[in-house]
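If you read the sequences in order, they're chains Y and C. To get my numbering, take the position in the first sequence, counting from 1, and add 18. To get my numbering, take the position in the second sequence, counting from 1, and add 20. We put the beta carbon where it would ideally sit given N, CA and C, even for glycine. First comes the structure, then the notes that go with it.
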Amino acid sequence: SATAQVVHSAGRRFIVSPVPEDRLKEQ
Amino acid sequence: AEDTGVRVELAEDDDGKKTSIALKLWVEDHKKLKGKYKESGAIEFTFDLEKEVPEVVAQEMVESGFFHESDAKTVGKSIKDRVALIKWRRGRMASVAV
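In structure tokens, the structure reads:
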């Protein structure tokens, strides 16, 4: 999958991943 | 409610006890994301309900290259709204338990 980790200088970890298809058009 | 196009939800079950909880943020409009992150869209992170400030996390996301500075306010508000809801639900659960 296309997940990736980005760690901010403050130490917080962000995990990036694709949005599930069904979420994109959710209202 | 105002539609910001930025959604924030729990990334784990809330047991009502942990102060640090996993949240997932995603955008409906990928153009809001910068550069290589345009192909992604969901950002998972942990948030301390007692110690942290939503606007600060939003700023960290901007500094990490996910969003444009102009979107920091929108992102911060979306996180803030979700955090308020989590706290409200916890308060409600606690009062029901009593």
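Worksheet item: Ends of the alpha helix (DSSP H) at C:R27?
Response: No alpha helix (DSSP H) holds C:R27; the beta strand (DSSP E) holding it covers 26-30.
Worksheet item: Would you say C:I99 reaches chain Y, if we count a Cβ-Cβ gap shorter than 9 Å as a contact?
Response: no
Worksheet entry | First through last residue of the beta strand (DSSP E) which encompasses C:I42 | For the record, residue 42 of chain C in the displayed sequence is Ala; it is not Ile. Residues 40-47.
Worksheet item: Beta-carbon separation of C:F172 and Y:R31 under 9 Å?
Response: The question about residue 172 of chain C has no answer here: the residues shown for chain C are numbered 21 through 118.
Worksheet item: Taking just the CA atoms, how far does C:A31 sit from C:V82?
Response: 21 Å
Worksheet entry | CA-to-CA distance, C:V103 to C:G111, given in whole angstroms | 12 Å
Worksheet entry | Exposed unless 16 or more other CB atoms sit within 10 angstroms - verdict on C:E29 | exposed
Worksheet item: On the three-state DSSP scale, how would you describe C:T94?
Response: helix
Fill in: Partner residues on chain Y for C:S40, Cβ-Cβ distance less than 7 Å
The premise fails here: C:S40 is roughly 11 Å from chain Y at the closest Cβ pair, so nothing lies under 7 Å.
Worksheet item: C:E83 versus chain Y: which residues are under 8 Å apart at the beta carbon?
Response: H26, S27
Discussion item. For C:K58 and C:D33, I'd like the C-alpha separation in whole angstroms.
Written reply: 28 Å
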